[in-house]
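Step one of this worksheet: look at the structure below.
In my numbering, the protein residues as written are -7 to 237.
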């Protein structure tokens, strides 16, 4: 017996808890199952819930872990699952999220995983989208990156536009993806993300070096020394002449 012997008493070969009229059911699963069916499944039992079923059994019987057994039995009852209506409160209507008041106030993050591993060990891309302007940034990372690493990448994003070095061939166009997505016009604004944030349309390739445009001048100097830029430009196709005769 699980209880100490001085907590039990016997009468006519029936075990009781001392000072109580509750019958102590032995540790025999078929017998416990029979009692559960008698107090829950039969016609006069009414397929009550776990609380009422436990109250009915506890008036006359007792065994260790009885409450857990009753809860498991009632929740697994096929008749109750099919016939009883849910008591859960119905979900309310969907509410729109508040509209951001300025760029980069609210951002959404997502990971693109399952990519080939680069020579530097990267195998995933962290996608950061500004909910105000829809501008996107793409950052190389690892599929197993934890919260601290992701927060560190986000701090890098806030300070610089250089996200990766020594990229391999299959991720060589990743920095250009920022500029590609930022050139798409947003229907709700009627302008591209770069137009909303910087007041100008983003230029691809060599930017203009007009006097006084510091941002464009900085980009121009970087693009002139960029070894990757020629690889991103479309190569001209030369038509070949075939002699039929």
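Note that CB positions come from ideal geometry on N, CA and C, so glycine has one too.
> Starting from residue 119 and walking both ways along the beta strand (DSSP E), at which residues does that stretch end?
Replying inline: Sequence index remark: in the chain shown, residue 119 carries index 127 (1-based). Segment 116 to 122, the beta strand (DSSP E) holding residue 119.
> In the structure shown, what three-state DSSP assignment does residue 128 receive?
Replying inline: Within the chain shown, numbered from 1, the residue matching residue 128 stands at position 136. Here residue 128 sits in strand by DSSP.
> How is the alpha helix (DSSP H) around residue 65 delimited, first residue to last?
Replying inline: On the chain shown, position 73 is the one that residue 65 refers to. Residues 58 to 67.
> Helix, strand or coil: how does DSSP classify residue 102 here?
Replying inline: The count along the chain shown starts at 1 and reaches residue 102 at position 110. Strand, per DSSP.
> Quick one, which of 67, 97, 57 has its alpha-carbon nearest residue 120's?
Replying inline: Your numbering for residue 120 matches position 128 in the chain shown. A check of alpha carbon separations from residue 120 across 67, 97, 57 identifies 97 as the nearest.
> According to the Cβ coordinates, are residue 27 and residue 17 closer than 8 Å?
Replying inline: The residue given as residue 27 occupies position 35 in the chain shown. The residue given as residue 17 occupies position 25 in the chain shown. Yes, these two residues count as a Cβ contact at 8 Å.
>> I'd like the span of the alpha helix (DSSP H) that includes residue 79, first residue to last.
In response: To locate residue 79, count along the chain shown from 1; it is residue 87. No alpha helix (DSSP H) holds residue 79; DSSP gives it neither H nor E.
>> Let me confirm a value: residue 198 is counted as buried when at least 16 other C-beta atoms fall within 10 Å, else exposed. Which label applies?
In response: Walking along the chain shown from the start, residue 198 turns up at place 206. Only weak support exists for where residue 198 lies, its pLDDT of 42 falling under 50; the coordinates are left without a value.
> Just checking, does the stretch 53 to 63 make contact with the stretch 82 to 93 on the three C-beta pairs under 8 Å criterion?
Replying inline: Touching, no, given that fewer than three Cβ pairs across the two stretches are closer than 8 Å.
> What's the gap between the Cα of residue 66 and the Cα of residue 81?
Replying inline: The count along the chain shown starts at 1 and reaches residue 66 at position 74. The count along the chain shown starts at 1 and reaches residue 81 at position 89. A straight line joining the alpha-carbon of residue 66 with that of residue 81 spans about 21 Å.
>> Among the candidates 42, 72, 15, 40, whose CA atom is the shortest distance from the CA of residue 56?
In response: Position 64 of the chain shown, counted from the first residue, corresponds to residue 56. Nearest option by C-alpha distance: 15.
> Based on Cα-Cα distance, which residue from 108, 125, 124 lies nearest to residue 117?
Replying inline: Position 125 of the chain shown, counted from the first residue, corresponds to residue 117. Comparing Cα-Cα distances from residue 117 to each of 108, 125, 124, the minimum goes to 108.
>> Could you compute how far the alpha carbon of residue 113 sits from the alpha carbon of residue 133?
In response: By one-based count along the chain shown, residue 113 stands at place 121. By one-based count along the chain shown, residue 133 stands at place 141. Taking the straight line joining both Cα atoms gives about 9 Å.
>> Whole angstroms are fine: how far does the CA of residue 39 sit from the CA of residue 77?
In response: Here residue 77 refers to the residue found at position 85 when the chain shown is read from its first residue. Here residue 39 refers to the residue found at position 47 when the chain shown is read from its first residue. Each residue's Cα considered, the two are about 13 Å apart.
>> Output needed for residue 71: all residues of its chain with C-beta closer than 8 Å, excluding positions within five of it in sequence on either side, in chain order.
In response: Stepping through the chain shown from its first residue, residue 71 is reached at position 79. Taken in chain order, the residues that qualify are 33, 39.
>> I'd like the span of the alpha helix (DSSP H) that includes residue 50, first residue to last.
In response: The residue you call residue 50 lines up with position 58 of the chain shown. Taken as a continuous stretch (DSSP letters only), the alpha helix (DSSP H) holding residue 50 covers 42 to 50.
> The alpha helix (DSSP H) with residue 27 in it runs from where to where?
Replying inline: Against the chain shown, residue 27 aligns to sequence position 35. Per DSSP, the continuous alpha helix (DSSP H) segment holding residue 27 begins and ends at 21 to 32.
> At least one CB of chain B closer than 8 Å to the CB of residue 126: is that the case?
Replying inline: Judged by its chain identifiers, the structure shown contains no chain B, having just a single protein chain.
>> I'd like to check one pair, residue 122 with residue 95: are the Cβ atoms closer than 8 Å?
In response: Reading the chain shown from its first residue, position 103 is the one you call residue 95. Reading the chain shown from its first residue, position 130 is the one you call residue 122. The Cβ atoms of residue 95 and residue 122 sit closer than 8 Å to each other.
> Quick one, which of 13, 115, 99 has its alpha-carbon nearest residue 137's?
Replying inline: Within the chain shown, the letter at position 145 stands for residue 137. Among 13, 115, 99, the Cα nearest to that of residue 137 is on 115.
> How many whole angstroms separate the CB atoms of residue 31 and residue 49, which I take to be in contact at a CB cut-off of 8 Å?
Replying inline: Working through the chain shown from its first residue, we reach residue 31 at position 39. Working through the chain shown from its first residue, we reach residue 49 at position 57. About 5 Å; that satisfies the 8 Å criterion.
> For residue 102, which residues from the same chain have a beta carbon less than 6 Å from its beta carbon, with the 5 sequence-adjacent residues on both sides left out?
Replying inline: Position 110 of the chain shown holds residue 102. So the qualifying residues of the chain are 119.
> What is the C-beta distance between residue 105 and residue 135, in whole angstroms, given that I count them as a contact (C-beta under 8 Å)?
Replying inline: Counting from 1 along the chain shown, the entry for residue 105 is found at position 113. Counting from 1 along the chain shown, the entry for residue 135 is found at position 143. Between residue 105 and residue 135 a beta carbon distance of about 4 Å is seen, short of the 8 Å cut, so the two are scored as contacting.
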